[in-house]
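Numbering (the working numbering), first residue to last: 173 to 477.
Please read the structure below before turning to the comments.
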């Protein structure tokens, strides 16, 4: 792993002293090291917007004997893969705290745009149709995908009421909760790298029971697609310790909105019923702030109007 550290640390340590062209190369390699590793010096220079000779000199500046040695170091990064700390160092090591905010939010915007550009509209429509006609809806997401599963099941329950969130991480208990699943039912399995074998087992079981299986995952190569009849793909890069789930959450939002539009009257009725229950049992009566009706709430003694 030492060589991987050398490549990144060498670029970061001298980044401030680099020329404009060298910085362009460093920035491009940081973002696309998996592609750059297989580029010739001419190709790398072209992609970074500099000359071939600048790319060759860049390898020398970093302390390598030549471009082939530098390229080999990049190939080792791809073959061994960076761990998450090293990925963070590669992507954010040269940035200030405020620049990190801009970079992270910008990357999330890019993920949403990429998800939108590559979204299978027919699969999305099929997912909406399956959920609307499902007799029972099961939702499963484990580890970092669990919040997504909770979010989706909460709003599905507001709309349909026949939703079952599978919350255990024990394979046996997962299957026990799904023992009655059948061909009229639907399951939404949510998983992103590292993929969950337990989620995959649940989807396999549902598939064998002829239930409709919807996968929310990151790639056509995801194992979650093995048993699904409907694949919703959302980009999720785990460059840092915290996986980015912004794009999957946006896709879930879109799914919820589309379902609401299909069941407007039913959703409105359910929400009105909930509001009435909350009012009858004073669930939120003392825990809400209405800035229009309760302007005096923050009028503390000694404060001027």
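Beta carbons are placed, not taken as given, at the ideal position from N, Cα and C, and that holds for glycine.
Going straight from the alpha carbon of residue i to that of residue j, what length do you get?
{"i": "residue 228", "j": "residue 392", "result": "36 Å"}
{"i": "residue 326", "j": "residue 332", "result": "10 Å"}
{"i": "residue 352", "j": "residue 292", "result": "30 Å"}
{"i": "residue 278", "j": "residue 425", "result": "20 Å"}
{"i": "residue 298", "j": "residue 209", "result": "40 Å"}
{"i": "residue 313", "j": "residue 388", "result": "10 Å"}
{"i": "residue 445", "j": "residue 336", "result": "20 Å"}
{"i": "residue 242", "j": "residue 235", "result": "9 Å"}
{"i": "residue 275", "j": "residue 370", "result": "34 Å"}
{"i": "residue 382", "j": "residue 350", "result": "13 Å"}
{"i": "residue 340", "j": "residue 346", "result": "6 Å"}
{"i": "residue 217", "j": "residue 186", "result": "19 Å"}
{"i": "residue 367", "j": "residue 199", "result": "30 Å"}
{"i": "residue 380", "j": "residue 283", "result": "33 Å"}
{"i": "residue 334", "j": "residue 311", "result": "11 Å"}
{"i": "residue 401", "j": "residue 394", "result": "14 Å"}
{"i": "residue 176", "j": "residue 195", "result": "Bear in mind that the predicted position of residue 176 carries a pLDDT of just 43, short of 50, making it unreliable; the figure below should be weighed with that in mind. Spanning the two alpha carbons is a distance of roughly 19 Å."}
{"i": "residue 435", "j": "residue 188", "result": "57 Å"}
{"i": "residue 215", "j": "residue 288", "result": "29 Å"}
{"i": "residue 453", "j": "residue 441", "result": "18 Å"}
{"i": "residue 269", "j": "residue 450", "result": "43 Å"}
{"i": "residue 191", "j": "residue 338", "result": "55 Å"}
{"i": "residue 365", "j": "residue 201", "result": "23 Å"}
{"i": "residue 437", "j": "residue 294", "result": "25 Å"}
Looking only at C-alpha atoms, which of the options sits nearest to residue i?
{"i": "residue 309", "options": "317, 319, 330", "result": "330"}
{"i": "residue 396", "options": "363, 417, 416, 422", "result": "363"}
{"i": "residue 206", "options": "436, 194, 402, 245", "result": "245"}
{"i": "residue 211", "options": "191, 239, 199, 274", "result": "239"}
{"i": "residue 203", "options": "242, 220, 315", "result": "220"}
{"i": "residue 301", "options": "452, 431, 451", "result": "431"}
{"i": "residue 419", "options": "405, 268, 334", "result": "405"}
{"i": "residue 323", "options": "191, 381, 360", "result": "360"}
{"i": "residue 356", "options": "304, 185, 317", "result": "304"}
{"i": "residue 358", "options": "328, 365, 366", "result": "328"}
{"i": "residue 296", "options": "311, 437, 428", "result": "428"}
{"i": "residue 317", "options": "390, 289, 269", "result": "390"}
{"i": "residue 354", "options": "385, 338, 184", "result": "385"}
{"i": "residue 290", "options": "443, 403, 190, 447", "result": "403"}
{"i": "residue 233", "options": "201, 448, 183", "result": "183"}
So what does residue i bridge to, in DSSP terms?
{"i": "residue 389", "result": "405"}
{"i": "residue 384", "result": "358"}
Within its chain, find whatever has a CB closer than 6 Å to the CB of residue i; leave out the 5 residues flanking it on each side and keep chain order.
{"i": "residue 489", "result": "Any question about residue 489 goes unanswered here, given that the chain covers just 173 to 477."}
{"i": "residue 193", "result": "222, 226"}
{"i": "residue 213", "result": "224, 227, 228, 239"}
{"i": "residue 286", "result": "407"}
{"i": "residue 439", "result": "331, 432"}
{"i": "residue 307", "result": "356, 357"}
{"i": "residue 230", "result": "194, 197"}
{"i": "residue 378", "result": "353, 359, 385"}
Kindly list the residues whose CB is nearer than 8 Å to the CB of residue i, restricted to its own chain and excluding five residues on each side of it in sequence; keep chain order.
{"i": "residue 376", "result": "398, 399"}
{"i": "residue 320", "result": "313, 362, 388, 417, 420, 421, 424"}
{"i": "residue 348", "result": "none"}
{"i": "residue 443", "result": "330"}
When every heavy atom of the ligand GDP is checked, does at least one fall within less than 7 Å of the C-beta of residue i?
{"i": "residue 304", "result": "Of the ligands one can find in the structure shown there are none, so the ligand GDP has no counterpart to examine."}
If you drop the 5 nearest sequence neighbours on each side, which residues of the same chain put their C-beta closer than 7 Å to that of residue i?
{"i": "residue 280", "result": "416, 418"}
{"i": "residue 343", "result": "370, 373"}
{"i": "residue 315", "result": "368"}
Length-filtered (3 minimum) beta strand (DSSP E) runs lying within the stretch 284-368
Under the rule that a run must span 3 or more residues, the beta strand (DSSP E) segments found entirely inside the stretch 284-368 read 309-313, 335-338, 358-362.
Report the residue ranges of all alpha helix (DSSP H) runs contained in full by the stretch 182-240; include only those spanning at least 4 residues, in chain order.
192-208, 213-220, 224-233
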